[in-house]
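*Asks:* Position 318 of the sequence shown, counting from 1, maps to 876 under the numbering used here, and the rest follow consecutively. Glycine included, every Cβ here is placed at the ideal spot set by N, Cα and C.
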Amino acid sequence: MSFQSIPKIELHTHLEGCAPPSFIRGLAAEKKLDISKIFDRNGGYAFRDFDHFLQVYEAACTTLQSPEDFRRLTMAVLEETAAHGVVYMETFVSPDFCGGGDLAAWKEYLAAMVEAADEAEAKFGITLKGIVTGIRHFGPEACKPAAKCAAETFGDFITGYGMAGGEMAGRPADFSYSFDMAREAGLPLTCHAGEWGGPAMVAETIRDLGVARVGHGIGAIDDHALLDEIIERGIVLEVCPGSNVVLKAVGGWDAHPIVKLRDAGVKVTVSTDDPPFFHTTMTAEYEMLHRTFGWSEDDFRAINETALAAAFCDEDTRARVAKRLEPAQ
Ligand SMILES: [Zn+2]
């Protein structure tokens with residue numbers, strides 16, 4: 559089985575977090591910024607733990623200063639992602655990193671990303687949609703401009719609103735204003751929870767923010783009543799096993815609960831999160847799922863069908879992508 563050639567859907571990525579280290583180093587050199595301390599001896603991103611990862615991530619983002627930088631970033635990311643068989647990808651984009659939450663600036667950055675996405679679709683056959691994301695550890699007030707940017711630019715490319723960043727900053731209800739604003743504008747919702755926060759954080763995220771999907775959500779495994787609620791509500795988990803292993807949210811691949819969640823009846827999907835940070839690709843994720851849990855082509859097909867059904871895109875796009883998942887005759 560060639561894991562690389564399986565057509566894949568990926569719902570949980572962070573655009574800046576997909577930036578190849580060489581791309582960020584190139585931008586830093588162009589702008590004469592010294593960010594050498596975020597790289598290891600081999601040129602990869604270096605961090606100790608989750609908090610340090612967030613610091614390294616934000617340091618890498620300091621090189622991304624203009625719409626043109628984001629146009630180039632989007633092209634670089636889509637070329638790399640398409641090489642691993644991904645035909646449809648959703649990515650978190652943060653107005654905080656694109657003009658500091660200012661709506662007019664955000665629209666310029668967005669136009670640059672859309673231009674790159676259109677070009678990459680024609681060149682590499684990958685479709686990209688964006689989910690506007692508030693950064694949790696910046697606080698509830700800082701998430702409001704992001705939600706406004708989402709509400710004002712919801713359309714063909716921006717298809718959802720979500721929240722990422724430090725999960726343990728505040729409780730979900732603290733951020734309900736932003737989620738309510740996005741919901742009222744018609745945006746479907748997702749939020750990181752249960753990577754670090756355990757079942758209580760997942761439960762509050764579902765009940766207080768009304769999300770359709772949960773980023774990670776693996777902490778739910780410890781609460782059977784919560785699993786029943788997730789199943790009943792049809793909530794989909796954006797599971798990122800390689801990310802969880804590298805950041806030590808789980809003890810290792812063998813200890814990852816993705817199979818237990820799926821066997822319990824929860825809708826799970828597979829994504830890379832921030833692939834170069836976690837030394838992973840979609841091909842590597844599939845290889846490890848095969849090696850650890852014996853997943854076959856049928857398992858991967860089911861995962862991708864679940865992901866497509868949970869994608870935040872319009873129905874025309876969903877129908878078009880569905881054809882790409884059909885096995886070649
Ligand atoms: Zn994430």
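Extract the residue ranges of the beta strand (DSSP E) inside the segment 744-788, only unbroken runs of 3 or more that lie entirely within it.
*Replies:* DSSP runs (the beta strand (DSSP E)) wholly in the segment 744-788: 747-751 and 771-774.
*Asks:* Any idea what DSSP makes of Ile693, helix, strand or coil?
*Replies:* In this structure, Ile693 counts as strand in the three-state DSSP scheme.
*Asks:* Between which residues of its own chain and Tyr667 is the CB-CB distance below 7 Å, once the five residues before and five after are set aside?
*Replies:* The residues are Pro625, Phe628, Cys656 and Gly657.
*Asks:* Looking only at its own chain, which residues have a Cβ that is under 6 Å from the Cβ of Thr839, when we skip the five neighbours before and after it?
*Replies:* Excluding residues within five positions, the ones whose Cβ falls inside 6 Å are His642 and Pro833.
*Asks:* Can you tell which of Ala586, Leu745 and Tyr735 has the C-alpha that lies nearest to the C-alpha of Ala700?
*Replies:* Measuring from the Cα of Ala700, the nearest candidate turns out to be Tyr735.
*Asks:* What would DSSP say about Lys687, mapped onto helix, strand or coil?
*Replies:* DSSP places Lys687 in strand when its eight states are reduced to three.
*Asks:* Within the structure, which residues are defined as neighbours of ligand 1 by a Cβ-heavy atom distance below 6 Å, reported in chain order?
*Replies:* In chain order, the hits are His570, His572, Ala722, His750, Gly773 and Asp831.
*Asks:* To the nearest angstrom, how far is it from the Cα of Ala678 to the Cα of Arg630?
*Replies:* If you take the alpha carbons of Ala678 and Arg630, they lie about 11 Å apart.
*Asks:* Would you check if the segment 860-879 and the segment 712-727 touch, i.e. whether three or more CB-CB distances between them fall below 8 Å?
*Replies:* These segments touch.
*Asks:* Alpha carbon to alpha carbon, what distance is there between Phe605 and Phe835?
*Replies:* Going from the Cα of Phe835 to the Cα of Phe605 covers about 9 Å.
*Asks:* Check Val879 in the structure and name its three-state DSSP category.
*Replies:* Of the three classes helix, strand and coil, the one that applies to Val879 here is helix, per DSSP.
*Asks:* Report the start-end ranges of each beta strand (DSSP E) in the segment 618-677 that is 3 residues or longer and not cut off at the edges.
*Replies:* Entirely contained in the segment 618-677, the beta strand (DSSP E) runs reaching 3 residues are, in chain order, 644-651.
*Asks:* Can you look up Leu569 in the DSSP assignment and give me helix, strand or coil?
*Replies:* Strand at Leu569.
*Asks:* Using C-beta distances below 7 Å, list every residue in its chain close to Thr691, excluding the 5 sequence neighbours before and after it, in chain order.
*Replies:* For Thr691, where only same-chain residues beyond five positions count, the Cβ hits under 7 Å are Phe650, Val651, Ser652, Ala704, Gly720, Met721 and Ala722.
*Asks:* Spatial neighbours of Ser563 within its chain, please: CB distance less than 8 Å, with the 5 preceding and 5 following residues excluded, ordered by chain position.
*Replies:* Once the five neighbours on either side are set aside, the close Cβ partners of Ser563 are Gly643.
*Asks:* I believe Ala770 touches Val794 by the beta-carbon criterion, under 8 Å. Please report the beta-carbon distance rounded to the nearest angstrom.
*Replies:* About 7 Å separates the two Cβ atoms, so the contact holds.
*Asks:* Taking a contact to mean a Cβ-Cβ separation below 8 Å, would you say Pro746 touches Ile776 in this structure?
*Replies:* Not in contact: Pro746 and Ile776 (Cβ atoms no closer than 8 Å).
*Asks:* In terms of residue numbering, what span does the beta strand (DSSP E) encompassing Lys825 cover?
*Replies:* Lys825 to Val828 is the span of the beta strand (DSSP E), which, as asked, contains Lys825.
*Asks:* What first and last residue would you give for the beta strand (DSSP E) that runs through Leu805?
*Replies:* Per DSSP, Leu805 belongs to no beta strand (DSSP E) and is neither H nor E.
*Asks:* Report the partner residues of Val794 according to the DSSP bridge assignment.
*Replies:* The partner list for Val794 (beta bridge, DSSP) reads Arg771 and Lys825.
*Asks:* Tell me which residue opens and which closes the beta strand (DSSP E) that Ile716 is part of.
*Replies:* Unbroken beta strand (DSSP E) run through Ile716: Ile716 to Ala722.
*Asks:* Below 7 Å CB to CB, which residues in the same chain sit around Glu665 once its five sequence neighbours on both sides are set aside?
*Replies:* Looking at the sequence provided, one finds Lys at residue 665 rather than Glu. Here the set comprises Thr711.
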